[in-house]
Amino acid sequence: MLLDPPGWHRLWPQGAPHWPYVQAVDQALTGRGIPPGIVRADVALRADHQSDRHEKIYILLVWDVSRTGARGGVRLAWDDETGWSYAKLGLSTHDVLLEGPLTPLHRVFASPEDVAAVAEGLVYRWRAPEGEYGAEWARAPEVRAAIEDFREHRRGGGSS
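As structure tokens, this is what we get:
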């Protein structure tokens, strides 16, 4: 299991709004014996058409070639608007060979067990997922509300 994210207590006293999802995905991956080599979970400022700023809330999981059973590495990325995507990487984690959405997961907050099952195929066999994974994580509404509270607070409307 990952430790609490350093520094978040100063920026957002309640923690990263999506941290419960990060922990649940990490636990499901660890339960399958596939902990990632690189884990990033953060909020990044990005330009938005409706406003000058918008926070992209994301998770990034990377397995380099030394951690996979393939010719290259794997990256899984998640954000709170589009859900999960993947990339097959070359020998360097900066060398993207193929990338695309993980549409079989169907949900922005796909169940952590489904994410781990998809990751297992990518990490150990370098195969894109087959089948359909439609389950939403049970705590998704709670995390969506935390994300909305976080954004409201960042816009100056929160009382936290």
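Per numbering that gives the first Met the number 0, the very first residue in the sequence shown carries number 0; after that it's consecutive. Every residue gets a Cβ at the ideal spot worked out from N, C-alpha and C, and that includes glycine. Bear in mind the structure is a predicted one, so any value in this text is a computation, not a measurement.
Asked	Found
Please name the residue in G71, I33, V42, G130 whose C-alpha comes closest to that of H17.	V42
Can L88 and G71 be called in contact, C-beta distance under 8 Å?	yes
Can you say whether P140 is buried or exposed, counting buried as having 16 or more other CB atoms within 10 angstroms of its CB?	exposed
Tell me whether I146 is buried or exposed, calling it buried when 16 or more other Cβ atoms sit within 10 Å of its Cβ.	buried
Taking the alpha-carbon positions, what's the Y123 to R106 distance?	23 Å
Between the Cα of S65 and the Cα atoms of Y57, T92, A76, S84, which residue gives the shortest distance?	T92
Identify every residue that forms a DSSP beta bridge with L28.	According to DSSP, L28 bridges with nothing at all.
Roughly how many angstroms lie between the CA atoms of E80 and L101, to the nearest whole one?	14 Å
Who are D41's beta bridge partners in DSSP?	Y57
Is the separation between the beta-carbon of D113 and that of Y85 shorter than 8 Å?	no
For A127, does the three-state DSSP call read helix, strand or coil?	coil
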